[in-house]
Amino acid sequence: MKALRKLRVKHESGLHIRPVTDLVKWLGSYKASVVVTHNNISVNAKSIIGLLSLAAERSAVLTIQAEGEDAHQMVEDLLLHFQDYFEEESHVLT
Amino acid sequence: MSLRRKTTSKKELRLLGSSISEGIALGTLIALPDADEMPLPEFSLSDGEEEEHLKRFEDALSQSKRDLNQLHENLRYAGHEDAANIIHAHIQMLDDPMIEEEVKNRLLATNKNIEVVFDSVMEDIVHKIVKHKSSFFRDRAVDVQDLSKRVMNHLRKKTGEKSQAIPPQSILVVKQLKPSDVASMKGIAGVIAEKGSGSCHAALIARSKGIPYITRLDHQTLASFIGRKAIIDGNKGEVIVDPSDTTVTALRTSRAFSQSIRISKKTSTQTCDGAIICLLANISQEDEIKVLAGCPVDGVGLYRSEFLFLRRPEYLHSEELQYHHYRLLLQQAGGKPVIVRVMDVGGDKDPSFFLNYTNLYNPPTLRGIRFLLANREIFKIQLKALLRAASHGDLKILLPFVSDLQEVLDTKELIKKAKDELANTPHAEKIELGVMIEIPAAVMIADLLAKECDFLSLGTNDLLHFTSGIDRTDTCASEQIFSLPLSLIRMIAEVAKKAKEANIRLSLCGEIASNPSLVSLLIGLGISELSCSVRYVSTVQDAIHKLAYKDCCKLAETVLGLSTTEEIRQQVQDFLKAHES
Chain A
1 MKALRKLRVK HESGLHIRPV TDLVKWLGSY KASVVVTHNN ISVNAKSIIG
51 LLSLAAERSA VLTIQAEGED AHQMVEDLLL HFQDYFEEES HVLT
Chain B
1001 MSLRRKTTSK KELRLLGSSI SEGIALGTLI ALPDADEMPL PEFSLSDGEE
1051 EEHLKRFEDA LSQSKRDLNQ LHENLRYAGH EDAANIIHAH IQMLDDPMIE
1101 EEVKNRLLAT NKNIEVVFDS VMEDIVHKIV KHKSSFFRDR AVDVQDLSKR
1151 VMNHLRKKTG EKSQAIPPQS ILVVKQLKPS DVASMKGIAG VIAEKGSGSC
1201 HAALIARSKG IPYITRLDHQ TLASFIGRKA IIDGNKGEVI VDPSDTTVTA
1251 LRTSRAFSQS IRISKKTSTQ TCDGAIICLL ANISQEDEIK VLAGCPVDGV
1301 GLYRSEFLFL RRPEYLHSEE LQYHHYRLLL QQAGGKPVIV RVMDVGGDKD
1351 PSFFLNYTNL YNPPTLRGIR FLLANREIFK IQLKALLRAA SHGDLKILLP
1401 FVSDLQEVLD TKELIKKAKD ELANTPHAEK IELGVMIEIP AAVMIADLLA
1451 KECDFLSLGT NDLLHFTSGI DRTDTCASEQ IFSLPLSLIR MIAEVAKKAK
1501 EANIRLSLCG EIASNPSLVS LLIGLGISEL SCSVRYVSTV QDAIHKLAYK
1551 DCCKLAETVL GLSTTEEIRQ QVQDFLKAHE S
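From first to last, the protein sequence lines are chains A and B.
Residue numbers for the first sequence follow our numbering, so the first one is 1 and each next one is one higher.
Residue numbers for the second sequence follow our numbering, so the first one is 1001 and each next one is one higher.
Here it is in structure tokens:
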């Protein structure tokens, strides 16, 4: 199962260490593999260093691609969980 | 960077950089031995060696994680919460699948030794972060470099920690400060770096530990002064190499310096003619106790345990939970004594939160010790937890709202029972028991109470209200605190006399202990232990330093001979004015 979602970084300091560590910790409980793409660079969303290297600032648009049995659930929960960090850009389920 | 020489002294050299963390310190300039300056060994692997190198990498990762976990624990115990959080992020980074994946792929692709592979992987990551235009992200590169260095030290079989290598009162001179440098090293009085900004994690840690830190000073210039004495002034962003005696003396008398010195040396509090005053802290929440590490107090004079149950009612019936809580308190107090006041609820302290947690609940009109003795099962749980915790440090028990000697005797009986029930559990055989003097009834029988306990503690807030008939919600009550009525002054003097006769200690833990203008009178009345809110400790200590004990005694004598509150207020004010001039 695959799921896709576009999110905009809402946090004023961008995707800095606190949101990144929170996100990685949270993603650890999902089986799905998750890839985040920003400015044509794609990284493993379960990697702190990967996410940090995206250097996504406020208003940056991230594409979240998840694959695995709980991919849909994860993508659905993501925004609910991280309302302070992200807002919806557009939402496509495939 | 600007470098300027002043002609105030022939020898001393003043350098001006930018301040990152405030504070002033005097120390010796030292440099760190830079292990990572040594060239990395580089060679190609022969068949079958890959496994061994990957195994070494995994070992280095887990050793690094162990170091960081230890460091994280230490920082948390010491109360450096910000610093601990950063180290926690480092621990999470070590778990990063990207590092492991990249290292594995690259090792198999290049067939080079693990040191070279790991170094190149980390370099690439740093590179990605560094090229970013935002300084906020660029600063994160230092974290990755720091982590990389730690793992590399293990790969090269070097120890990760350098805590032994630093003599006390050292001012560290580095090109760029790494978070683990400040987090793990003891004895650092200050840091001077060439590169670094306020948003670096190293800066946060320096601030969290109260270490002055200055950047934008040329590394080479400073490196030539290694081993020399220097003053680092984090408030101005100035470094003074080889300071003259005049500069040092001027600095020692400045307020900022004495504050930073107190943090590092924890000097005792004395009046200017040498009378030692024991300064303690009043604590309501366990997170306040963390401040003690950087605070010139001699211990906790009043831990209000009822706030624990207000926040965590589930602790009420658990001896085990309470035991761990009190034990942690002692640990955080770092060997200093902690006086725990047993639960003080009832009266205006509404114990309705109990209703859901106990069926032993008795009328809420009873307050303090009376409430506890009416609910002995709850009381015994707390006493047992305290007795057990007391085997780990200096813990004393304080009874609130005592009005009759029988209440102390009953409590002693209950403590005996608690000890019997703890026969097979480690606990303190001897525990000091104190009584709060906070209602006029207790003042009148202070001599009897003093004979049955180990110390007395004056709670002047309630005493003032009950003596003067002022309601706690009365708005004028707060004004009264700044001028003491003769009735209260006589009571304090009386209790001090009774405590002296019984040869037991007496402390005062009301709000008036936080009022620097009343400290002179209290000391004169015979109070040698003051317990006040943590945030007033420095102010009260400053006030005490300026006082002469014999003048305080004279003031108390005069005041006891006056009749109205207004006369007393005037007398105290005149005394303070005369003292300032």
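Glycine residues also receive a C-beta, built at the ideal position from the N, C-alpha and C atoms.
Around the beta carbon of residue 88/A, a 10 Å sphere encloses fewer than 16 other beta carbons of the protein chains shown; the residue is thus reported as exposed. In the three-state reduction of the DSSP assignment, residue 1367/B falls in the coil class.
Identification of chain B residues near residue 46/A by a Cβ-Cβ cut-off of 7 angstroms yields 1097, ordered along the chain. Leaving aside the five residues that flank residue 1402/B on each side, the residues in its chain whose CB is nearer than 7 angstroms to its CB run, in chain order, 1369, 1408, 1435, 1436, 1442 and 1449.
Each of 1132/B, 1148/B and 1088/B was checked against the Cα of residue 1099/B, and the nearest Cα belongs to 1148/B. Taking all protein chains shown into account, residue 1426/B has fewer than 16 neighbouring C-beta atoms within 10 Å of its C-beta and is therefore exposed. Residue 1233/B: member of the beta strand (DSSP E) spanning 1229–1233, first to last residue. Taking the Cα of residue 1284/B as reference, the smallest distance to any Cα among 1226/B, 1237/B and 1344/B is reached at 1344/B.
Within chain B, no residue has its CB atom less than 8 angstroms from the CB of residue 64/A, the nearest being about 17 angstroms off.
Residue burial is scored here from C-beta neighbours: residue 1492/B has at least 16 other C-beta atoms within 10 angstroms and is therefore classed as buried. Boundaries of the alpha helix (DSSP H) harbouring residue 1552/B: 1549–1560, taken from the DSSP string. Here residue 1101/B is not near residue 1040/B, since their CB atoms are 8 angstroms or more apart. Beta-bridge partners of residue 1319/B (DSSP): none assigned. Judged by DSSP in its simplified three-state form, residue 1240/B adopts strand. Beyond the five residues adjoining it in sequence on each side, residue 1460/B comes within less than 6 angstroms, by CB distance, of 1510 and 1512 in the same chain, given in chain order. At a cut-off of 8 angstroms, the C-beta of residue 1129/B has a neighbouring C-beta in chain A. For residue 74/A, the enclosing alpha helix (DSSP H) has its first and last residue at 71–81.
Here residue 1573/B is exposed, its C-beta having fewer than 16 other C-beta atoms within 10 Å. Under DSSP, the beta-bridge partners assigned to residue 1339/B are 1396/B.
In the DSSP assignment, residue 1432/B falls within the unbroken beta strand (DSSP E) covering 1432–1437. Close CB contacts of residue 1195/B within its chain, under the 7 angstroms cut and outside five residues either way in sequence, are with 1175, 1176 and 1215 (chain order). In the displayed model, residue 38/A falls within a strand according to three-state DSSP. Against chain A, the CB of residue 1132/B has a partner CB under 8 angstroms away; the residue lies at that interface.
Taking 8 angstroms as the CB threshold, residue 68/A stays off the interface with chain B. Under the Cβ criterion of 8 angstroms, residue 36/A is not counted among the residues facing chain B. Residue 32/A is outside the set of residues whose beta carbon lies under 8 angstroms from a beta carbon in chain B. With fewer than 16 other Cβ atoms from the protein chains shown falling within 10 Å of its own Cβ, residue 1110/B counts as exposed.
Residue 1028/B sits in a strand when the DSSP states are folded into three classes. When rounded, the separation of the alpha-carbon atoms in residue 1240/B and residue 1213/B is 14 angstroms. Within chain A, the residues whose beta carbon sits less than 8 angstroms from that of residue 1140/B are 16, 17 and 52, listed in sequence order.
Between the alpha carbons of residue 1188/B and residue 1575/B lies a gap of roughly 42 angstroms. Chain A has a Cβ within less than 8 angstroms of the Cβ of residue 1125/B. In this model, residue 41/A and residue 63/A are separated by some 10 angstroms (Cα to Cα).
Annotation for residue 1346/B: no beta strand (DSSP E) segment contains it, and DSSP assigns it neither H nor E. Under a criterion of Cβ atoms nearer than 7 angstroms, the residues of chain A adjacent to residue 1144/B are, in order, 49. Among the CB atoms of chain A, none fall inside 8 angstroms of the CB of residue 1118/B.
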